[in-house]
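Below: the structure, in structure tokens.
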Amino acid sequence: DARVTQTPRHKVTEMGQEVTMRCQPILGHNTVFWYRQTMMQGLELLAYFRNRAPLDDSGMPKDRFSAEMPDATLATLKIQPSEPRDSAVYFCASGRPGTGDYEQYFGPGTRLTVT
Amino acid sequence: AQTVTQSQPEMSVQEAETVTLSCTYDTSESNYYLFWYKQPPSRQMILVIRQEAYKQQNATENRFSVNFQKAAKSFSLKISDSQLGDTAMYFCAFVRPTLNDMRFGAGTRLTVKP
């Protein structure tokens, strides 16, 4: 049963520290999405990649957030420096070639707490 | 801008009964996809059902079915024979193909009571 995996599942850090979240898409999937979920804003799309190329990161605060895909099996979302308002659950999702634009499989999320 | 509205923050239903969750959306597009996702306490986002806008037939998946009214921009989810495991947050979502701009509603918290 193929699944999207995310690490870490939980992260507590102090304001100002760097945070890196990792995602392993389902093997063979070529689109990767990053979402953030908060009580206030709900689920927001931060960025997405197709074939490792960033296609849209307009939802991501550019000054402190960065997203990359070093290879087809790893996507990273980095926050530097982190702030308390970044506390949220961050989801990664992946999609297959041809259907990935509209059929996304979500990982379990990383719960980030910035104190 | 594409928006998705879920007007029912919370709902409850007795086990084995039927419940309908509402969703409306706003778009000027003719080609799009609609989804219902379930998020149980584990936080995992699980795809429940998908509807292509170009299909007139309502999608069904076992106990889950939708009532898709394109002209009214309405996309409700019906859960039949509710089970305790259906207790979760349910999110309605909209996406335009190739643009990948998936938009989620605020969610409806469903509680199935024994």
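Same order as they appear, the protein sequences are chains G and C.
FYI, the numbering for the first sequence is 1 to 115, going by the working numbering.
FYI, the numbering for the second sequence is 1001 to 1114, going by the working numbering.
In this text, a Cβ means the ideal position worked out from N, Cα and C, and glycines have one as well.
Please read these numbers as outputs of a predicted model, since none were measured by experiment.
| Asked | Found |
| --- | --- |
| For chain G, find out if any of its Cβ atoms is closer than 8 Å to the Cβ of C:Y1054; answer yes or no. | no |
| Could you give the first and the last residue of the continuous beta strand (DSSP E) run that contains G:V12? | 10 to 13 |
| Helix, strand or coil, according to DSSP, for C:R1084 in the structure here? | In the sequence on display, residue 1084 of chain C carries Leu and not Arg. In this structure, C:L1084 counts as helix in the three-state DSSP scheme. |
| For the ligand SAM, is there any heavy atom lying closer than 7 Å to the beta carbon of G:P108? | Absence of the ligand SAM from the depicted structure is noted, as is the absence of any ligand whatsoever, leaving it without description. |
| Taking buried to mean at least 16 other C-beta atoms within 10 Å of its own C-beta, is C:D1081 buried or exposed? | exposed |
| Look at C:M1011 and C:V1019 and say whether their C-beta atoms are less than 8 Å apart. | yes |
| So, is the C-beta of G:Y90 closer than 8 Å to a C-beta in chain C? | no |
| On the CB-based measure, 16 or more other CB atoms within 10 Å of its CB, does G:Q6 come out buried or exposed? | buried |
| Mind listing the chain C neighbours of G:D56? Cutoff is C-beta to C-beta under 7 Å, in chain order. | N1100 |
| Looking at the secondary structure, which residues open and close the beta strand (DSSP E) in which G:V114 lies? | 110 to 114 |
| Name the chain C residues that come within less than 8 Å of G:P108, Cβ to Cβ? | S1042, R1043, Q1044 |
| Spatial neighbours of G:S66 within its chain, please: CB distance less than 6 Å, with the 5 preceding and 5 following residues excluded, ordered by chain position. | K78 |
| For C:I1079, does the count of other Cβ atoms within 10 angstroms reach 16, so buried, or fall short, so exposed? | buried |
| Say whether chain G places a C-beta atom closer than 8 Å to the C-beta of C:V1066. | no |
| Measuring only between beta-carbons, confirm whether G:L43 sits less than 8 Å from chain C. | yes |
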